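**Q** Here it is: the structure, laid out below.
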Amino acid sequence: MDYENYMELYEAVYFFNRINCCVDNKLPQLINKEEFKRSKLNESIYKAIIRILVVNNLLDYDGSCFVITNENQEKHRYILDNIINKNQNKHYTEMYDKAVNEFQFFFDNINELEYEIYSRYNFKITFETGKDVVKHVNLANRKVLELGGNSGGLGTALLTQNKDCLYTIVDTKIPCIVGNEFKKSNKLNITLIEGNVFELMLASELYDYIILMNLLHDFDDLKCLNILRNCTKHCDSNTKFLIIEDILTGEFEPKEVIMHGLRLSVECRGGKQRTIEELVSLFLNINYKLEKTIKLNNIHTMLVIGAV
Ligand SMILES: C[S@@+](CC[C@H](N)C(=O)[O-])C[C@H]1O[C@@H](n2cnc3c(N)ncnc32)[C@H](O)[C@@H]1O
Numbered sequence: 011m012d013y014e015n016y017m018e019l020y021e022a023v024y025f026f027n028r029i030n031c032c033v034d035n036k037l038p039q040l041i042n043k044e045e046f047k048r049s050k051l052n053e054s055i056y057k058a059i060i061r062i063l064v065v066n067n068l069l070d071y072d073g074s075c076f077v078i079t080n081e082n083q084e085k086h087r088y089i090l091d092n093i094i095n096k097n098q099n100k101h102y103t104e105m106y107d108k109a110v111n112e113f114q115f116f117f118d119n120i121n122e123l124e125y126e127i128y129s130r131y132n133f134k135i136t137f138e139t140g141k142d143v144v145k146h147v148n149l150a151n152r153k154v155l156e157l158g159g160n161s162g163g164l165g166t167a168l169l170t171q172n173k174d175c176l177y178t179i180v181d182t183k184i185p186c187i188v189g190n191e192f193k194k195s196n197k198l199n200i201t202l203i204e205g206n207v208f209e210l211m212l213a214s215e216l217y218d219y220i221i222l223m224n225l226l227h228d229f230d231d232l233k234c235l236n237i238l239r240n241c242t243k244h245c246d247s248n249t250k251f252l253i254i255e256d257i258l259t260g261e262f263e264p265k266e267v268i269m270h271g272l273r274l275s276v277e278c279r280g281g282k283q284r285t286i287e288e289l290v291s292l293f294l295n296i297n298y299k300l301e302k303t304i305k306l307n308n309i310h311t312m313l314v315i316g317a318v
C-alpha cells in the first residue's frame, strides 16, 4: 500500500493514536461510554477509524477482538513520523478539534462562496451518479421529490431520460440559486424549493418516489427519523423511497466505500455510514420495508424501499 497517497488513512491512524484505547494491544469492538466521554468523540467516528484501519491491514482481528500487532505498530509509527516530519500536525489537530465539537455540521460552517463552489461541483458529480441510477428506475410520468438534492445534478440526469417526470428538489438557499441557473441552461423542468428538511413545508401533495441521496449519512438516527416522518406526509402506499449512498453491504467493504467514512463523521456530528440492516430498521419506524438492493458503482448502493 502506498501510504503517501492516502490522507484518509493518515487521519485514521492519527485519531486512533490520540484515542489510545488499547489494553495489552487489544481493543474491544466498541469502547465503553466512559472512554467516549473522555475522548469527546462519538461512536460513529470510532467505527469509521476501525473500518479504515482493518481494511488497510493496520489493525488485525483475532476472532474475538481487534489486536494491534508489532507489524501494525511499525506501520503506525511510520505514518505518525511522516506527519511530524512533513509538519502536517496542524491539519490533523484541526480535524480532531472539529471531531470533538458537539455542534459540528459541515453546511453550517462554510461561507456563501464555499457553498456556491460546493454546489457547482456537486452538480457534475451527482449528474454522473444519475447516469447509473437511470439504468434501474423508470420515472416516466412520475412525481418525484428529492430532499437535499443540492443543485440538481441527479435530477437533471433523471429528467433527461424521463422527460414527463415532475421533479421537485428541496435544499437550502445557495444550492437552489445555483440549481436554477443549471435548470435554465439545460432547459429542464425541475422545481427547486428553498426549505428545511427538518421542517418540511410543501403543498400537500403525494409523490410516487422520494429520493434521498447522500443525505441520511450526514445525520444521527433521531434526525434521520425526523426527516423520514416529514416525508410520510407526502407518501401513500404506492410511494417508493430511493436511498442512494455509501451503504455498508457486507463484512468486508471495498476501500472506495469506507475511506471517506471518518471525514464524513467528523464533518457532520452524528453522521455515519450505515449498513443495510441499520437503514432497514430506520424505515421500519415509518412502516416501510426494503424491496430491492442495487449496487450502482464502486461507492454507491441504492435501496428501493416501499410500504409494508
Ligand atoms: C451531503 S450533501 C448531498 C448532496 C447531493 N444529494 C449528493 O448526493 O451529493 C447534503 C445536501 O443536503 C442539503 N442540506 C443539509 N441540511 C439541510 C436542511 N436542513 N434542509 C435542506 N437541505 C439541507 C445540503 O445543502 C446538501 O445539498
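Start counting the sequence shown at 11; every next residue gets the next number (the numbering used here). Here a beta-carbon is modelled for each residue, glycine too, at the ideal position from N, C-alpha and C. Everything numeric in this text was worked out from a predicted model, so none of it was measured.
1. Does any heavy atom of ligand 1 sit closer than 6 Å to the C-beta of F1?
2. Out of N121, G316 and L19, which one is the CA nearest neighbour of I296?
3. State buried or exposed for E287, treating a residue as buried only when at least 16 other CB atoms are found within 10 Å of its CB.
4. Quick one: grab the DSSP three-state call for E263.
5. Candidates S54, I59, N148 and L19: which alpha carbon is nearest K282's?
6. Ignore the nearest five residues each way along the sequence and tell me which others in L210's own chain have a CB closer than 6 Å to its CB.
7. Is it true that the CB of F116 sits closer than 7 Å to the CB of E277?
8. Specify the secondary structure class of C234 as computed by DSSP and reduced to three states.
9. What residue from H310, V314 and R284 has the CA that sits closest to Y298's CA?
10. CB D174 to CB G159, shorter than 7 Å?
11. Considering only the alpha carbon of each residue, which of N224, S195, T170 and Y20 lies closest to N92?
12. If I measure Cβ to Cβ from L306 and keep anything under 6 Å in the same chain, skipping five residues before and after, which residues do I get?
13. Measuring alpha carbon to alpha carbon, tell me which residue in N35, N66, N30 and E255 is nearest T285.
14. Quick check on DSSP: helix, strand or coil for F26?
15. Who are the near neighbours of D246 in its chain, counting only those whose CB is closer than 7 Å to its CB and skipping five residues on each side?
16. As an exercise, report each continuous alpha helix (DSSP H) stretch of at least 4 residues that is fully enclosed by the stretch 26-80, in chain order.
17. What is the DSSP secondary structure of Y217, counted as helix, strand or coil?
18. Which full runs of the alpha helix (DSSP H) of 4+ residues lie inside the stretch 234-317, going along the chain?
19. What do you reckon, are the CB atoms on L272 and A58 nearer than 7 Å?
20. Which residues in the same chain have their Cβ closer than 7 Å to the Cβ of E126, if we skip the five residues on either side of it in sequence?
21. Beta carbon of M17: closer than 6 Å to some heavy atom of ligand 1?
22. Can you find a C-beta in chain C that's less than 7 Å from the C-beta of N132?
23. Ordered along the chain, which non-local residues of its own chain (more than five positions away) have a Cβ less than 6 Å from that of S49?
24. Let me make sure I understand the geometry here. Which of L51, F26, T170 and N35 has the alpha-carbon closest to that of N196?
25. Mapping the DSSP letters down to three states, classify M223 as helix, strand or coil.
26. Let me know the secondary structure DSSP gives D181 once reduced to three states.
27. Could you check if P264 belongs to the surroundings of ligand 1, using beta carbon to heavy atom distance under 6 Å?
28. Grab the span of the alpha helix (DSSP H) containing E104 for me, first residue to last.
29. What's the call for I135, buried or exposed, on a 16-neighbour Cβ count within 10 Å?
**A** Once the coordinates are examined:
1. A question about residue 1 goes unanswered here, because the residues of the chain that appear run from 11 up to 318.
2. G316
3. exposed
4. coil
5. S54
6. N240
7. yes
8. helix
9. Checked all of H310, V314 and R284; the closest Cα to Y298 is V314.
10. no
11. Y20
12. D142 and M312
13. E255
14. helix
15. L216
16. Considered as a whole, the stretch 26-80 harbours 43-49 and 53-65 as its complete alpha helix (DSSP H) runs of no fewer than 4 residues, in chain order.
17. coil
18. 265-268, 271-277 and 286-294
19. Contact annotation: L272 and A58 have beta-carbon atoms nearer than 7 Å.
20. The beta carbon of E126 lies closer than 7 Å to those of I184 and V188 in the same chain, with the five residues before and after it left out.
21. no
22. Among the chains of the structure shown, chain C does not appear; only one protein chain is present.
23. I29
24. T170
25. strand
26. For D181, the three-state secondary structure derived from DSSP is strand.
27. no
28. For E104, the enclosing alpha helix (DSSP H) begins and ends at N99 to A109.
29. Exposed: under 16 other Cβ atoms inside 10 Å.
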